[in-house]
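Each remark here refers to the structure printed beneath this line.
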Amino acid sequence: MQPIEEIRVRLDGDMQQLESLVAGGSAPAGASGAQEGDKALSKRFEELKVKYTGKKGEISGLLRSMGTLAPEARPEFGKLVNELRDYAEAKFAALQAKIQEAEIASSLSGSTLDATLPGYRIPAGSLHPMTQVREEIISFFQGLGFELALAPEVDNDWYNFEALNIPPDHPSRDMHDTFYVDDKVVLRTHTSNVQVHYMETHRDQPIRIIAPGFVYRVDNDATHSPMFQQVECLVVDKDISFAHLKGTLFLWARHMFGAETTMRFRPSYFPFTEPSAEMDVSCYFCKGTGTVPTGSGTLAPAGGAPGQPCRTCKTTGWIEIGGCGSVDPNVFGKVGWDPEKYTGFAFGFGIDRITMLKYGIPDISHLTRNDNRFLRQF
Ligand code: PHE
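Residues in the sequence shown are numbered from 15 upward in steps of one, following this note's numbering.
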């Protein structure tokens, strides 16, 4: 058993030496010195590991020498050699972990990297103001039990015009207003095409949908863009009246523009609603007075200076929001519904416009210019 003990003692000695090298720092400070030292340490570690636990190492040598022992002595000897191997392997594993730690520490202290400096902040970004307004509108109506619906932006004449009771000579069909893909296919000019798609695929059942989306018109100035967003609403059931339309819109306007908001409906004309109306909300800059009140604070730049005529509503006290009306019986007829059985209402308004009003944005092109100085404010 003597050779086993002898090896253990030498192993302990070598390990101690290596450990003190690791603990004390193996080389002078400075990046290259430290790296050189680390390399030497690793090399010495590998040498010792092979020397003791390698295939041709001392511990394996002990096992090989077992043949020279008396047969009765072999089991005990084998057991002790195995214990020694476990002992050595555990020692090497522990030392290897220490060496790795020391290497990391020395590479950090030797380089110019200051791991305690705060990192660069990555800007988190935010939702586009129009997206925020769209989401707010959708979630409000979903809260009332409306379902989200969508329709194509490139659509057949039938869905955009024909089924909506828009006659062939209607001015909105004019090339000056509508982008044509070909004779029968257009870029939709409004989200009202969703009404036709939805009624065709959900026949003879109550409908309550909210449908946002992009629409296209040949139009381009400070308040009009050739591509803009609308949101459409359609409600169909038995005994739906204009009063339901008013009540729904009123709830929405107060949610969007504040509890003191009032509304008015002006008679208007749309081929697919009868009666039809334009809906206005009271101007929330001047509270419907036409004059910017004193103390209007940060809202003042958009609406005008306190005491001055309100620019937002052009002194009328009202802001136009969109079109609405009761579903025209002809539309029910076109999509194969019974106009005697069902009535409904619909409205549509521009999300761009509501965003401009809500945030006091004077020019619609800000919304699509992608200027970060503008976008960062939301
Ligand atoms: N589609 C109409 C527009 O774009 C708005 C509208 C929708 C009017 C629904 C009545 C009913 O101007």
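Quick reminder that beta carbons are idealized off the backbone N, C-alpha and C, glycines included.
Given the structure is predicted, the values throughout are model-derived calculations rather than measurements.
Just curious, the beta strand (DSSP E) that Ile365 is in, first and last residue? Locating residue 365 in the sequence shown gives position 351, counting from the first residue. Careful: Ile365 lies outside any beta strand (DSSP E), inside the alpha helix (DSSP H) at Ile365 to Tyr373.
Work out the CA separation of Arg202 and Met241 for me, nearest whole Å. Here residue 241 refers to the residue found at position 227 when the sequence shown is read from its first residue. Here residue 202 refers to the residue found at position 188 when the sequence shown is read from its first residue. Spanning the two alpha carbons is a distance of roughly 10 Å.
Compute the distance between the beta-carbons of Val349 and Ala177, then report whether it is under 8 Å. Counting from 1 along the sequence shown, the entry for residue 349 is found at position 335. Counting from 1 along the sequence shown, the entry for residue 177 is found at position 163. Taking 8 Å as the Cβ cut-off, Val349 and Ala177 qualify as a contacting pair.
Here's the rule: buried if 16 or more other CB atoms are within 10 angstroms of the residue's CB, otherwise exposed. What is Gln391? Counted from its first residue, the sequence shown places residue 391 at position 377. Exposed, since its Cβ has fewer than 16 Cβ neighbours within 10 Å.
Does the region 244-252 come within contact of the region 343-359, defined as at least 3 CB pairs closer than 8 Å? Flag = yes, the region 244-252 and the region 343-359 touch.
Quick check on DSSP: helix, strand or coil for Lys362? The count along the sequence shown starts at 1 and reaches residue 362 at position 348. Sequence inspection shows Gly at residue 362; the Lys mentioned does not correspond to that position. Collapsing the DSSP output to three states places Gly362 in a strand.
Any chance the CB of Thr287 is under 7 Å from a heavy atom of the ligand PHE? To locate residue 287, count along the sequence shown from 1; it is residue 273. The ligand PHE approaches Thr287 closely enough that one of its heavy atoms is under 7 Å from the residue's Cβ.
Under 8 Å between C-beta atoms of Thr275 and Ser296: By 1-based counting over the sequence shown, the position of residue 275 is 261. By 1-based counting over the sequence shown, the position of residue 296 is 282. The answer is yes: Cβ separation under 8 Å.
Quick check on the DSSP output: the beta strand (DSSP E) that includes Tyr283 runs from which residue to which? Along the sequence shown, one-based indexing puts residue 283 at 269. Start and end: Met277 to Phe284.
Can the beta-carbon of Phe264 be found less than 8 Å from the beta-carbon of Gly339? Counting from one through the sequence shown, the residue named residue 264 turns up at place 250. Counting from one through the sequence shown, the residue named residue 339 turns up at place 325. Using a Cβ distance threshold of 8 Å, Phe264 and Gly339 do not count as a contacting pair.
At what residues does the beta strand (DSSP E) containing Pro17 begin and finish? The residue labelled residue 17 in the question sits at position 3 within the sequence shown. It is not in any beta strand (DSSP E) - Pro17 instead sits in the alpha helix (DSSP H) that spans Gln16 to Gly38.
Over the uninterrupted beta strand (DSSP E) stretch that includes Thr287, give me the two end residues. Looking up residue 287 in the sequence shown gives position 273. Segment Thr287 to Ser296, the beta strand (DSSP E) holding Thr287.
When we look at the beta-carbon of Ser206 and count the other beta-carbons within 10 Å, is it buried (16 or more) or exposed? Against the sequence shown, residue 206 aligns to sequence position 192. So Ser206 counts as buried.
Assign His204 to buried or exposed, taking buried as 16 or more other Cβ atoms, counted over all protein chains shown, within 10 Å of its Cβ. What you label residue 204 is simply residue 190 of the sequence shown in a count that begins at 1. So His204 ends up on the buried side.
Which of helix, strand or coil DSSP assigns to Gln391: The residue labelled residue 391 in the question sits at position 377 within the sequence shown. Gln391 falls in the coil class under three-state DSSP.
Would a C-beta distance cut-off of 8 Å place Pro132 and Leu76 closer than the cut-off? The count along the sequence shown starts at 1 and reaches residue 132 at position 118. The count along the sequence shown starts at 1 and reaches residue 76 at position 62. If you check the CB distance, Pro132 and Leu76 do not come in under 8 Å.
Any chance the CB of Gln244 is under 7 Å from a heavy atom of the ligand GTP? Summarising the ligand content, the structure contains the ligand PHE and does not contain the ligand GTP.
Please state whether DSSP places Trp172 in a helix, a strand or coil. The residue you call residue 172 lines up with position 158 of the sequence shown. In the structure shown, Trp172 sits in a helix (DSSP, three-state: H, G or I).
Taking only three categories from DSSP, how would you classify His258? Indexing the sequence shown from 1 puts residue 258 at position 244. Helix.
Can you grab the Cα-Cα spacing for the pair Leu162 / Thr215, in whole Å? Numbered from its first residue, the sequence shown carries residue 162 at position 148. Numbered from its first residue, the sequence shown carries residue 215 at position 201. Here the alpha carbons of Thr215 and Leu162 stand approximately 14 Å from one another.
Ignore the nearest five residues each way along the sequence and tell me which others in Arg395's own chain have a CB closer than 6 Å to its CB. Nothing about residue 395 can be read from this structure; the chain reaches only from 15 to 392.
Under the assumption that Val208 contacts Ala165 (Cβ atoms under 8 Å), give the Cβ distance between them as a whole number of angstroms. Here the question's residue 208 lines up with position 194 in the sequence shown. Here the question's residue 165 lines up with position 151 in the sequence shown. Correct: roughly 4 Å between the Cβ atoms.
Using a 10 Å radius around the Cβ and a threshold of 16 neighbouring Cβ atoms, would you call Thr312 buried or exposed? For the purposes of this step, residue 312 is taken as residue 298 along the sequence shown, with counting starting at 1. Per-residue confidence for Thr312 stands at a pLDDT of 48, beneath the threshold of 50, marking its modelled position as unreliable; the derived number appears in the next sentence. With fewer than 16 Cβ atoms within 10 Å of its Cβ, Thr312 is classed as exposed.
Distance, Thr67 Cα to Arg22 Cα: To locate residue 22, count along the sequence shown from 1; it is residue 8. To locate residue 67, count along the sequence shown from 1; it is residue 53. One C-alpha to the other measures close to 12 Å.
Determine, for Lys112, whether the minimum Cβ-Cβ distance to residues of chain D falls below 8 Å. In the structure shown, chain D cannot be found, because there is only a single protein chain.
Go through its chain and collect everything with a Cβ distance to Arg222's Cβ below 7 Å, but skip five positions before and after it. For the purposes of this step, residue 222 is taken as residue 208 along the sequence shown, with counting starting at 1. These residues qualify, in order along the chain: Gly159, Phe160, Glu161 and Val249.
Which of the three DSSP states, helix, strand or coil, is assigned to Asp196? Residue 196 sits at position 182 when you count from the first residue of the sequence shown. Asp196: strand per DSSP, three-state reduction.
Whose C-alpha, out of Thr329, Asp366 and Ile136, is nearest the C-alpha of Thr382? The residue given as residue 382 occupies position 368 in the sequence shown. Ranking Thr329, Asp366 and Ile136 by Cα distance to Thr382 puts Asp366 first.
Could you please give the first and the last residue of the uninterrupted beta strand (DSSP E) stretch that includes Pro226? Translated into positions along the sequence shown, residue 226 becomes position 212. Start and end: Ile221 to Tyr230.
Exposure of Lys105, with buried meaning 16 or more beta-carbon neighbours within 10 Å: Counting from 1 along the sequence shown, the entry for residue 105 is found at position 91. By the Cβ neighbour-count rule, Lys105 is buried, with 16 or more other Cβ atoms within 10 Å of its own.
For Thr305: DSSP bridge partner residues: By 1-based counting over the sequence shown, the position of residue 305 is 291. Thr305 pairs with Pro323.
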